[in-house]
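In UniProt numbering, the protein residues as written are 1 to 57.
Glycine included, each C-beta is placed from N, C-alpha and C at the ideal position.
All figures in this text were calculated on a predicted structure; none of them were measured in a lab.
First comes the structure, then the notes that go with it.
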């Protein structure tokens, strides 16, 4: 099992800013966020999926 990735406040603010613009980013946007946050694209996809789920509840 893979270790859990801790998202820092700085990374979270970048993800939040992108989420406010579009809650379903395309692969290019995810790649751009991966570079700026230094997080793997898979972690970013999961964060967006989980955040969207929380927003809908």
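Could you pull out every residue in the same chain whose Cβ sits closer than 8 Å to the Cβ of residue 22, ignoring the five residues on either side in sequence? 29
For residue 52, is the classification buried or exposed, using 16 other Cβ atoms within 10 angstroms of its Cβ as the cut-off for buried? exposed
So the alpha helix (DSSP H) residue 41 belongs to, where does it begin and stop? 41-56
Helix, strand or coil for residue 13 per DSSP? helix
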